[in-house]
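Colleague: Quick one: the structure is below, and I'll ask about it shortly.
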Amino acid sequence: ILNVEQSPQSLHVQEGDSTNFTCSFPSSNFYALHWYRWETAKSPEALFVMTLNGDEKKKGRISATLNTKEGYSYLYIKGSQPEDSATYLCAFLGSNFGNEKLTFGTGTRLTIIP
Amino acid sequence: NAGVTQTPKFRILKIGQSMTLQCAQDMNHNYMYWYRQDPGMGLKLIYYSVGAGITDKGEVPNGYNVSRSTTEDFPLRLELAAPSQTSVYFCASSYRGQLTNEKLFFGSGTQLSVL
Chain A
3 ILNVEQSPQS LHVQEGDSTN FTCSFPSSNF YALHWYRWET AKSPEALFVM
53 TLNGDEKKKG RISATLNTKE GYSYLYIKGS QPEDSATYLC AFLGSNFGNE
103 KLTFGTGTRL TIIP
Chain B
32 NAGVTQTPKF RILKIGQSMT LQCAQDMNHN YMYWYRQDPG MGLKLIYYSV
82 GAGITDKGEV PNGYNVSRST TEDFPLRLEL AAPSQTSVYF CASSYRGQLT
132 NEKLFFGSGT QLSVL
């Protein structure tokens, strides 16, 4: 059973502040790490798919880094806005050359306080 | 494109009833997936399909059945609903499989309660 953990479970941030949270995953047999944003009553939407150690991806005020050797990824949000309120999911894909499927973390629920 | 469409959005079932959760995508995706999301847990894969006529079990298939008669549709059937099947269900799709690093496209979910 693969262990994918996200911390913290929930987070309240003042509007305008920056924040970050973590996804931890197995450091062996890494293939890819996905980040999704899930707003309440909407479909989860992909933010990033990361594959290379040291990778950094950016989409507007949101960015992510990847460390496959130590098994973690950080998601950063700069200058938080109310529309950033959502649950952020990470998902790990290993490469055991079998029938690999994504293993999802439990998510970090972010609430932006106006 | 509508993307991935799931119906219904909400449903309450009595124990032992059956129902079908509908999922359709209009992106010509080959791969389709059903997940369930339980409180405090990550999304768990129930069943998936790599193309029309081909389905396979995921991590938590017991109590569910699927079919894939067309590329567009991937319904999930609950035959004898049990309280343990109370969950939020998500359908997802991608053009190629997950080992191609393609992102998943999700439906908006079905909140199912079995009482």
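Those protein sequences? They're chains A and B, same order as listed. Residues in the first sequence are numbered consecutively from 3, following our numbering. Residues in the second sequence are numbered consecutively from 32, following our numbering. We put the CB at the ideal spot given by N, CA and C, even for glycine. Quantities reported herein were computed from a predicted structural model and do not represent experimental measurements.
1) For a contact meaning CB atoms closer than 8 Å, what does P84 of chain A contact in chain B?
2) Between the Cα of F133 of chain A and the Cα atoms of A:L95, A:P116, A:K44, A:T113, which residue gives the shortest distance?
3) Please tell me whether F121 of chain B and G94 of chain B are closer than 8 Å, where the distance is taken between their beta carbons.
4) The beta strand (DSSP E) spanning F1 of chain A covers which residue range?
5) Verify whether the separation of the beta carbon atoms of R111 of chain A and T89 of chain A is less than 8 Å.
6) Count the other CB atoms, across all protein chains shown, that sit within 10 Å of the CB of S12 of chain A; report buried if there are 16 or more and exposed otherwise.
7) Using a Cβ cut-off of 8 Å (strictly closer), state whether K134 of chain B contacts chain A.
8) Going by beta carbon distance, what residues of the same chain come within less than 6 Å of G128 of chain B, once the five residues before and after it are set aside?
9) Would you say the stretch 78-92 of chain A touches the stretch 24-42 of chain A, given that touching needs at least three Cβ pairs under 8 Å?
10) Below 8 Å on the Cβ atoms is my guess for T51 of chain B versus R108 of chain B; work out the distance and round it to an integer in Å.
11) For L4 of chain A, I'd like the list of residues in its chain whose CB is within less than 8 Å of its CB, leaving aside the five on either flank, ordered along the chain.
12) Skipping 5 residues on each side, what residues in its chain have a beta carbon closer than 6 Å to that of F50 of chain A?
13) I'd like the list of long-range same chain contacts for C92 of chain A, defined as Cβ closer than 7 Å, with 5 residues on each side in sequence excluded.
14) Answer with yes or no whether the minimum CB distance from T105 of chain A to chain D is below 8 Å.
15) Which runs of the alpha helix (DSSP H) at least 4 residues long sit entirely within the stretch 39-89 of chain A? Give them in chain order.
16) In the DSSP assignment, find the unbroken beta strand (DSSP E) run with Y78 of chain B in it and report its ends.
17) Rounded to whole angstroms, what's the CA-CA distance from F41 of chain B to K44 of chain A? Just pull it up for me.
18) Got a sec: is the Cβ-Cβ distance from A88 of chain A to anything in chain B below 8 Å?
19) Determine whether the Cβ of K44 of chain A lies closer than 8 Å to any Cβ atom of chain B.
Modeller: Reading it off the structure:
1) Those within 8 Å of P84 of chain A in chain B number zero; the least Cβ separation is about 21 Å.
2) The displayed coordinates of chain A run from 3 to 116. Any statement about residue 133 of chain A would go beyond what the structure contains.
3) Contact: no.
4) The first residue shown for chain A is 3 and the last is 116, placing residue 1 of chain A beyond what the model contains.
5) It is a contact, given that the beta carbons lie within the stated cut-off.
6) Under this definition S12 of chain A is an exposed residue.
7) Output row for K134 of chain B: interface = yes.
8) The residues Y62, in chain order, have a CB closer than 6 Å to that of G128 of chain B in the same chain once the five nearest residues on each side in sequence are set aside.
9) Yes, the stretch 78-92 of chain A touches the stretch 24-42 of chain A.
10) Between R108 of chain B and T51 of chain B the Cβ distance is about 5 Å, and since that is below 8 Å, they are a contact.
11) Result list for L4 of chain A: F27, P28, F94, G96, T105, in chain order.
12) Closer than 6 Å at the Cβ level, and outside the excluded window around F50 of chain A, lie W37, K59, A66.
13) So the qualifying residues of the chain are V6, Q8, C25, L35, H36, W37, S75, G107.
14) No chain D appears in this structure, whose protein chains are A and B.
15) DSSP runs (the alpha helix (DSSP H)) wholly in the stretch 39-89 of chain A: none.
16) 75-82 is the span of the beta strand (DSSP E), which, as asked, contains Y78 of chain B.
17) Between the alpha carbons of F41 of chain B and K44 of chain A lies a gap of roughly 13 Å.
18) Closer than 8 Å: no.
19) Answer yes: the Cβ-Cβ gap between K44 of chain A and chain B drops below 8 Å somewhere.
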